[in-house]
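S.K.: In this note's numbering, the protein residues as written are 39 to 650.
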Amino acid sequence: MCGIVGYIGDKEAFPILMDGLKKLEYRGYDSAGVALLNGKTEIFKKMGKVLELEDFMQSQHPAGKIGIGHTRWATHGEPNDVNAHPQESMGKIFSLVHNGIIENFQQLKEGLIAQGYRFTSETDTEVLVNLIEHCYNQGEEITAETAVQLALSKVTGAYGIAVICSRESDKLIVARNGSPLVIGLGSGEYFVASDSIPIAGLAQHVVYLNDQDMAVLQKDQFTLKNIKNIPVSLTVSALNIESGELDKGPFEHFMLKEIFEQPNTIEQTFKGRLNPEYQEIVLGGLMHVYPRIVNASRIVIIGCGTSWHAALIAEYLIEEYARIPVDVEYASEFRYRKPVLGENDVVFLISQSGETADTLAALRLAREHGVLTLGICNVVGSSLSRETDAGVFIHAGSEIGVASTKAFTAQVTVFVLIALKLARSKGTIQEDEYQTLVHELAEIPAKVNLILQKSEQIKVVALKYLDAINALYLGRGYLFPVALEGALKLKEISYIHAEGYAAGEMKHGPIALVDNNLPVIVIAPQDAWYEKIVSNIQEVKARKGNVIAIITEGDTGIKELLDDKIEIPETHPALAPLLAVIPLQLLAYHIAVLRGCHVDQPRNLAKSVTVE
Ligand code: AGP
Numbered sequence: 039m040c041g042i043v044g045y046i047g048d049k050e051a052f053p054i055l056m057d058g059l060k061k062l063e064y065r066g067y068d069s070a071g072v073a074l075l076n077g078k079t080e081i082f083k084k085m086g087k088v089l090e091l092e093d094f095m096q097s098q099h100p101a102g103k104i105g106i107g108h109t110r111w112a113t114h115g116e117p118n119d120v121n122a123h124p125q126e127s128m129g130k131i132f133s134l135v136h137n138g139i140i141e142n143f144q145q146l147k148e149g150l151i152a153q154g155y156r157f158t159s160e161t162d163t164e165v166l167v168n169l170i171e172h173c174y175n176q177g178e179e180i181t182a183e184t185a186v187q188l189a190l191s192k193v194t195g196a197y198g199i200a201v202i203c204s205r206e207s208d209k210l211i212v213a214r215n216g217s218p219l220v221i222g223l224g225s226g227e228y229f230v231a232s233d234s235i236p237i238a239g240l241a242q243h244v245v246y247l248n249d250q251d252m253a254v255l256q257k258d259q260f261t262l263k264n265i266k267n268i269p270v271s272l273t274v275s276a277l278n279i280e281s282g283e284l285d286k287g288p289f290e291h292f293m294l295k296e297i298f299e300q301p302n303t304i305e306q307t308f309k310g311r312l313n314p315e316y317q318e319i320v321l322g323g324l325m326h327v328y329p330r331i332v333n334a335s336r337i338v339i340i341g342c343g344t345s346w347h348a349a350l351i352a353e354y355l356i357e358e359y360a361r362i363p364v365d366v367e368y369a370s371e372f373r374y375r376k377p378v379l380g381e382n383d384v385v386f387l388i389s390q391s392g393e394t395a396d397t398l399a400a401l402r403l404a405r406e407h408g409v410l411t412l413g414i415c416n417v418v419g420s421s422l423s424r425e426t427d428a429g430v431f432i433h434a435g436s437e438i439g440v441a442s443t444k445a446f447t448a449q450v451t452v453f454v455l456i457a458l459k460l461a462r463s464k465g466t467i468q469e470d471e472y473q474t475l476v477h478e479l480a481e482i483p484a485k486v487n488l489i490l491q492k493s494e495q496i497k498v499v500a501l502k503y504l505d506a507i508n509a510l511y512l513g514r515g516y517l518f519p520v521a522l523e524g525a526l527k528l529k530e531i532s533y534i535h536a537e538g539y540a541a542g543e544m545k546h547g548p549i550a551l552v553d554n555n556l557p558v559i560v561i562a563p564q565d566a567w568y569e570k571i572v573s574n575i576q577e578v579k580a581r582k583g584n585v586i587a588i589i590t591e592g593d594t595g596i597k598e599l600l601d602d603k604i605e606i607p608e609t610h611p612a613l614a615p616l617l618a619v620i621p622l623q624l625l626a627y628h629i630a631v632l633r634g635c636h637v638d639q640p641r642n643l644a645k646s647v648t649v650e
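#1: Do you know offhand how far V520's Cα is from F143's?
#2: Under 8 Å between the Cβ atoms of E371 and L401?
#3: Who are the near neighbours of Y533 in its chain, counting only those whose CB is closer than 6 Å to its CB and skipping five residues on each side?
#4: Figure out for me which residue from M325, A457, A445 and E353 has the closest Cα to the Cα of V338.
#5: Less than 7 Å between C-beta atoms, sequence neighbours within five positions excluded: which residues of the same chain meet that for K579?
#6: Taking 7 Å as the limit between beta carbons, can you name the residues of its chain near Q250, skipping five residues before and five after?
#7: Buried or exposed, going by whether 16 or more other CB atoms sit within 10 Å of the CB of D258?
#8: With a threshold of 7 Å (Cβ to nearest heavy atom), would S159 be considered close to the ligand AGP?
#9: Counting only the same chain and skipping the five closest in sequence on each side, list residues whose C-beta sits under 7 Å from that of Q98.
#10: Which whole-angstrom value describes the C-beta separation of V72 and G107, a residue pair presumed to lie in contact below a C-beta threshold of 8 Å?
#11: Quick one: is L62 near chain C, going by C-beta distance under 8 Å?
#12: Suppose contacts are defined by Cβ-Cβ distances below 8 Å. Is I588 in contact with L512 by that definition?
#13: Specify whether the segment 59-79 and the segment 633-645 touch according to this definition: at least 3 beta carbon pairs, one from each stretch, less than 8 Å apart.
#14: Tell me, to the nearest whole angstrom, how far the beta carbon of A614 is from that of D553; I am working on the premise that it is less than 8 Å.
#15: Relative to the alpha-carbon of E305, which residue among I482, L622 and S421 has its alpha-carbon at the smallest distance?
#16: Does the beta carbon of E299 fall short of 7 Å from some heavy atom of the ligand AGP?
#17: Looking at the strands, I want to know which residues DSSP matches up with V212.
#18: May I ask you to list the residues that DSSP assigns as paired with F386?
#19: Does DSSP put K582 in a helix, a strand or coil?
#20: May I have the straight-line CA-CA distance separating Y503 from P621, to the nearest angstrom?
#21: What are the boundary residues of the alpha helix (DSSP H) that includes D57?
#22: Is it right to say S127 is buried, meaning 16 or more other beta carbons lie within 10 angstroms of its own, or is it exposed?
#23: Quick one: give me the first and last residue of the alpha helix (DSSP H) that G66 is part of.
#24: Tell me the residue span of the beta strand (DSSP E) that contains P557.
#25: Measuring CA to CA, which of I549, T451 and L355 is closest to I467?
#26: Looking at L219: is its Cβ nearer than 8 Å to the Cβ of L262?
#27: Classify N574 as helix, strand or coil using the three-state DSSP reduction.
#28: Between the beta-carbon of Y228 and the beta-carbon of I46, is there less than 8 Å?
#29: With H, G and I counted as helix, E and B as strand and the rest as coil, what does DSSP make of N137?
#30: Excluding sequence positions up to five away, which residues of its chain have a Cβ less than 6 Å from the Cβ of I340?
#31: Return yes when at least one heavy atom of the ligand AGP lies under 7 Å from the C-beta of C635, else no.
#32: Looking at C-alpha atoms only, which residue of N574, L240 and Y374 is the closest neighbour of A51?
#33: Would the C-beta of G149 count as close to the ligand AGP, meaning under 7 Å from any of its heavy atoms?
#34: For the ligand AGP, is there a heavy atom less than 7 Å away from the beta-carbon of L622?
#35: At a threshold of 7 Å, does V384 count as lining the ligand AGP (C-beta to nearest heavy atom)?
#36: Let me confirm a value: S133 is counted as buried when at least 16 other C-beta atoms fall within 10 Å, else exposed. Which label applies?
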């Protein structure tokens, strides 16, 4: 998704903007640019990476203490220099960077053309910046912020914008509707960004804009209002990102760093919530609505991508232990269906970023039905965390790699805690089973660590399959969603087509795919489904498929059947996803690196899909 940065203060803006753009690279983009206000506006923008813009700037002399910057993830208009942001109005009065989609841009563009405006780019953003200028030119008394308000009142769609005006060169204007914006509060300076990561280390406190909010930032003044010019109360939050989270350390990629952080992040997720005597599970963020959750007639869990896979595991956990019916929904489908939600239904929305447009739309639809909405989220201050009735933060720390890894295991860990807490409240779990599970959960970080030590062995397996065209992932029970997740990891970072399937579905179609060119990754720990999954392995081998199996340490029974195996420690079946996913993350990572793919910023992908 696009990334926005802005600065106003006493320092030269350019280096601050460039550093911010580098910290936004993880969002995925195809071009970058900055605009600086120094009496006049100077715009520098290029297709390609931030480093290419930086190289280009070596020969320029950027100056100005007010500026805006942007990394563009193309929606309207192909990636090129002209379509890159900032976009400037025809009269060169306004420059603007934008994250989002102006849905009625065509109609607005036609109106502006009729007024004599000419366009150079194919972007919806250029329409917006010219609309602002058009509003500005309607009267001497109209200020830059009034022009922005007037223009935004004519717009439908999502936006996060930062605007500078060459005629009012003491202010930076920002506004948000659907695409997040965070303002870092410095001393005599303000920092603006699409999320809090570029602000880490620059400001201790932030203001998260809400939809329809608009802020006018001047060196010593911060005015917050909405686009109807009504003042809005300021909520200042502490920024709790350690800047150490934002570098790769000894790792080649953020994704590898985050895979290796999982022993710690899983522990951070349950620490303080699972008391040392394993008696009580404490989920403070749910307690004020807990009776409504315990008495839910149904739980709906909504998410996208990896978060949706975690939701599928939550379904198994909650139904098996808490005996509450669960439905799992793709947010992008739910938001357009006419869902039936009863007053005793509880809706969980699961999102690492807390800014996924489809998931936020699903949240808002659920709220329209008046049901209790609960957020399972990783980013404090995100829209999801602020718009749900209650929730649980997964405490995985900033996840920079586009491919989600540590957030997935943290999401699953949270749902283990939720399922067990509900089960205990409802008396639907035997005490010995509860104790077994909570004690085993406490052992998971150490077991994940053992698997991580096999990374080089997994790289050897990756070498055998890096030229595969397709791959099939199979799992049963709690491990069926892990098969889906393993396939997603492979396809999104190595660009190899991969499908995850419930192993029992093999005979209903996928077995037709099997031949000696097809690697079949089978998750086959010694659990209740073991015999069944061994049969599936035999079916694949009978058709010359290559089987890479994730098996329980010490399982010698099926070695002869396997082309490759990766052993994982034994654990409780309900916790197996936390272990089985680790080798699949590493397999995808190593294959992608060996294929020369851009692991942290895979093509076409964004870390947080803040537009539809
Ligand atoms: C996962 O590796 C992908 N990057 C993607 O599927 C992601 O899980 C999805 O976009 C949902 O993101 P969210 O959890 O931030 O809502």
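Here a beta-carbon is modelled for each residue, glycine too, at the ideal position from N, C-alpha and C.
This one's a predicted model, so the numbers in the text were calculated from it and none came from an experiment.
M.R.: Inspection of the coordinates gives the following:
#1: So the alpha carbons of these two residues sit roughly 41 Å apart.
#2: No; because the gap between Cβ atoms is not below 8 Å, this pair is not in contact.
#3: Cβ contact annotation for Y533 (same chain, cutoff 6 Å, sequence separation greater than five): none.
#4: The shortest Cα separation from V338 among M325, A457, A445 and E353 belongs to E353.
#5: Take K579, set aside five residues on each side of it, and the residues of its chain with a beta-carbon closer than 7 Å to its own are V585 and L599, in chain order.
#6: Only N215, N264 and I265 meet the Cβ criterion.
#7: D258 is exposed by the Cβ-count criterion.
#8: If you check the C-beta of S159 against the ligand AGP, you find no heavy atom less than 7 Å away.
#9: Taken in chain order, the residues that qualify are F82.
#10: Between G107 and V72 the Cβ distance is about 4 Å, and since that is below 8 Å, they are a contact.
#11: Structure shown: chain C not included; a single protein chain is present.
#12: Taking 8 Å as the Cβ cut-off, I588 and L512 do not qualify as a contacting pair.
#13: Three or more Cβ pairs drawn from the segment 59-79 and the segment 633-645 lie within less than 8 Å of each other, which places the two stretches in contact.
#14: With 8 Å as the limit, A614 and D553 do not qualify as a contact, their Cβ atoms being about 29 Å apart.
#15: Cα-wise, what sits closest to E305 is I482.
#16: No, since every heavy atom of the ligand AGP falls outside the 7 Å radius drawn around the Cβ of E299.
#17: For V212, which the question treats as bridged, DSSP gives the partners A200 and A253.
#18: According to DSSP, which records beta bridges pairwise, F386 is partnered with I339 and L412.
#19: Residue state, collapsed to three classes: coil.
#20: Taking the straight line joining both Cα atoms gives about 14 Å.
#21: That run of the alpha helix (DSSP H) goes A51 to K61.
#22: It is buried - the Cβ of S127 has at least 16 other Cβ atoms within 10 Å.
#23: Looking at the DSSP string, G66 is not in any alpha helix (DSSP H), and its letter there is neither H nor E.
#24: Taken as a continuous stretch (DSSP letters only), the beta strand (DSSP E) holding P557 covers P557 to A562.
#25: Of I549, T451 and L355, the residue nearest in Cα terms is L355.
#26: Going by C-beta atoms, L219 is not nearer than 8 Å to L262.
#27: The answer is helix: DSSP assigns N574 an H, G or I state.
#28: Here Y228 is near I46, since their CB atoms are less than 8 Å apart.
#29: Per DSSP, reduced to three states, the secondary structure at N137 is strand.
#30: So the qualifying residues of the chain are E367, A369, F372, L387 and A400.
#31: For the ligand AGP, no non-hydrogen atom lies closer than 7 Å to the CB of C635.
#32: With distances taken between Cα atoms, A51 lies closest to L240.
#33: The answer is no for G149.
#34: Not under cutoff, so the answer is no.
#35: No, since every heavy atom of the ligand AGP falls outside the 7 Å radius drawn around the Cβ of V384.
#36: Counting C-beta atoms within 10 angstroms of its own C-beta, S133 has 16 or more neighbours from the protein chains shown and is therefore classed as buried.
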